[in-house]
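Here the sequence shown is numbered in the numbering used here, starting from 1 and rising by one per residue.
Down below is the structure, laid out as structure tokens.
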Amino acid sequence: MSRFFVYTFFLIFCVACVTPKVHNTLLEEHSLAQEQLIDKEKESLSLEKKNQELANSIDALKTRNVILSNDSIRNGRAVTLLQEKYNELDEAYDLLVNKNSRYISEKAKETKELLKELELAKAELFEREDKLIKMSDSLSNSLSNKEEELLKAQKELNSRVKRVTELEAIIKRKDSTVTNLKARISQALAGLEGEGLTIEKRNGKLYLSLEEDLLFASGKYELNTSGIDAIKKLANVLSSQDGLEILVEGHTDSIPYSSGQLKDNWDLSVMRATSVVKALIQNNDLSATQLTAAGRGEYLPIDSNSSSEGRAANRRIEMILSPRLDNIFKLLDN
């Protein structure tokens, strides 16, 4: 700045000694110089700022250089360690190469043997495959036959199930028939049950037992009046029942019988059963083909013959009523 004042003083001094024209020229030059000086000062300030920035960058680079130098030292040590490791690995590699060569040589022999075994196994496999194909064809045919047999068996099973269902229905109807028949007989012979008449449903059949006193005089085989009346009532009930088989059995006690034309209890039991059958077929709606007469004599007692009560119980007519099983037999034959 002192140079500026000196220069200014010089100009002022000169102005006092120069003409106006020169004076103006000098002023213009002074003004221009002043502007240039300001520009230079600005440029100097800018250069100083850049110089400071460069100094800061240099400091940062120096710090970076120190860090890199330290890193370089560490990396150098790491490189040395890695080189040592590399040398060790290289030696190990050489050993492995030598061992691997021997191993490969040995394995080559084993591989050759394995290839031979593989070829044999392959040939055996192809042979087994051929056998399996033939077996598969055979099994396929067998399976087809089995499927046909299974379908046939299924049809037969369905048929049997149907037959069983029909049999159950028939048996159910038969049991219902026997139950209804028992009720109707009880109603027709009301008053006789407990007085020498018993009615029992057993094994799908109806069993009637009439003691001697209800039908016959002692030692006789002709029906008495009450017996004829009871048999007529029974015949009316039985005649309304279709498909009924009637077995009439005569039974006696164990006391030997010999009177008139009859020789023994066999004859007496048969004759009594026959008398009942003949009384039953007096009803025109009953067919003789439904009836069977049989004599059991004293050989099927229901009580002990050692007492009079037991002997009285054994002297009886039993009637076994069975619904015909024609429908069941037809189903079983099919």
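Note that the Cβ used here is the ideal one computed from N, Cα and C, for glycine as well.
Checklist entry - Span of the alpha helix (DSSP H) holding ALA230? => result The residue labelled residue 230 in the question sits at position 230 within the sequence shown. It spans 225-239 - the alpha helix (DSSP H) in which ALA230 sits, taken as one unbroken run.
Checklist entry - Just how far apart, CA to CA, sit THR63 and ASP71? => result Walking along the sequence shown from the start, residue 63 turns up at place 63. Walking along the sequence shown from the start, residue 71 turns up at place 71. Answer to the nearest angstrom: the Cα atoms are 12 Å apart.
Checklist entry - Can you tell me the Cα-Cα spacing of MET319 and GLN187, whole angstroms? => result The residue labelled residue 319 in the question sits at position 319 within the sequence shown. The residue labelled residue 187 in the question sits at position 187 within the sequence shown. Each residue's alpha carbon lies about 17 Å from the other.
Checklist entry - Is ASN305 closer than 8 Å to ARG296 when the C-beta atoms are compared? => result Numbered from 1 along the sequence shown, position 296 holds the residue referred to as residue 296. Numbered from 1 along the sequence shown, position 305 holds the residue referred to as residue 305. Their beta carbons are not under 8 Å apart, which means ARG296 does not touch ASN305 by this criterion.
Checklist entry - Can you tell me whether DSSP reads SER159 as helix, strand or coil? => result Your numbering for residue 159 matches position 159 in the sequence shown. Reduced to three states, the DSSP call for SER159 is helix.
Checklist entry - How is GLY219 classed by DSSP in three states: helix, strand or coil? => result Numbered from its first residue, the sequence shown carries residue 219 at position 219. Reduced to three states, the DSSP call for GLY219 is coil.
Item to check | For LYS201 and ALA273, the rounded distance between their alpha carbons | outcome: In the sequence shown, residue 273 corresponds to position 273, counting from 1. In the sequence shown, residue 201 corresponds to position 201, counting from 1. Annotation: ALA273 to LYS201 spans about 21 Å, alpha carbon to alpha carbon.
Checklist entry - From LEU45 to LEU32, what distance separates their C-alpha atoms? => result For the purposes of this step, residue 45 is identified with residue 45 of the sequence shown, where counting begins at 1. For the purposes of this step, residue 32 is identified with residue 32 of the sequence shown, where counting begins at 1. So the alpha carbons of these two residues sit roughly 20 Å apart.
Item to check | Three-state class that DSSP yields for SER306 in the structure shown | outcome: Within the sequence shown, numbered from 1, the residue matching residue 306 stands at position 306. Reduced to three states, the DSSP call for SER306 is coil.
Next on the checklist: Tell me whether the segment 240-254 and the segment 189-204 touch, counting them as touching only if at least three CB pairs, one residue from each stretch, are closer than 8 Å.
Outcome noted: Because the criterion of three Cβ pairs below 8 Å is not met, the segment 240-254 and the segment 189-204 do not touch.
Next on the checklist: Can you tell me whether THR292 is helix, strand or coil according to DSSP?
Outcome noted: Stepping through the sequence shown from its first residue, residue 292 is reached at position 292. Looking at THR292 - three-state DSSP - the assignment turns out to be strand.
Checklist entry - Expressed to the nearest angstrom, what Euclidean distance is found between the alpha-carbon atoms of GLU84 and GLU43? => result Looking up residue 84 in the sequence shown gives position 84. Looking up residue 43 in the sequence shown gives position 43. Taking the straight line joining both Cα atoms gives about 59 Å.
Checklist entry - Is GLY227 near LEU214, with beta carbons less than 8 Å apart? => result One-based indexing of the sequence shown puts residue 227 at position 227. One-based indexing of the sequence shown puts residue 214 at position 214. Yes, these two residues count as a Cβ contact at 8 Å.
Item to check | Endpoints, beta strand (DSSP E) assigned at LYS201 | outcome: Along the sequence shown, read from residue 1 onward, the residue named residue 201 stands at position 201. Residues 197-202.
Item to check | Limits of the alpha helix (DSSP H) - the one that SER275 falls within | outcome: Here residue 275 refers to the residue found at position 275 of the sequence shown. 265-280 is the span of the alpha helix (DSSP H), which, as asked, contains SER275.
Checklist entry - Which residues bound the beta strand (DSSP E) around GLU193? => result In the sequence shown, counting from the first residue as 1, residue 193 sits at position 193. First-last for GLU193: undefined, no H or E at that position.
Checklist entry - DSSP beta-bridge partners for MET135? => result Taking the sequence shown and counting its residues from 1, the one referred to as residue 135 is at position 135. DSSP output for MET135 lists no bridge partner at all.
Checklist entry - Hey, how far is the Cα of THR19 from the Cα of THR25? => result For this step, residue 19 is matched to residue 19 along the sequence shown. For this step, residue 25 is matched to residue 25 along the sequence shown. Going from the Cα of THR19 to the Cα of THR25 covers about 10 Å.
Checklist entry - Should LEU192 go down as buried or exposed, given a rule of 16 or more other Cβ atoms within 10 Å for buried? => result Working through the sequence shown from its first residue, we reach residue 192 at position 192. Classification of LEU192: buried, given that the 10 Å Cβ count is 16 or more.
Checklist entry - What is the rounded straight-line gap between the Cα of PHE329 and the Cα of LYS155? => result By 1-based counting over the sequence shown, the position of residue 329 is 329. By 1-based counting over the sequence shown, the position of residue 155 is 155. No answer about PHE329 holds up, because its pLDDT of 43 lies below 50 and its placement is not dependable.
Item to check | Nearest-angstrom Cβ-Cβ length linking GLN282 and ILE246, presumed shorter than 8 Å | outcome: Within the sequence shown, the letter at position 282 stands for residue 282. Within the sequence shown, the letter at position 246 stands for residue 246. Rounded, the Cβ-Cβ distance is 14 Å, inconsistent with contact.
Checklist entry - Which residue from ALA78, LEU321, GLU166, SER140 puts its Cα closest to that of THR179? => result As a working mapping, residue 179 is identified with position 179 in the sequence shown. The shortest C-alpha separation from THR179 is found at LEU321.
Checklist entry - From ASN158 to LEU151, what does the alpha carbon distance come to, in whole angstroms? => result As a first step, residue 158 is located in the sequence shown; it is residue number 158 there, counting from the start. As a first step, residue 151 is located in the sequence shown; it is residue number 151 there, counting from the start. Straight-line Cα distance between these residues: approximately 10 Å.
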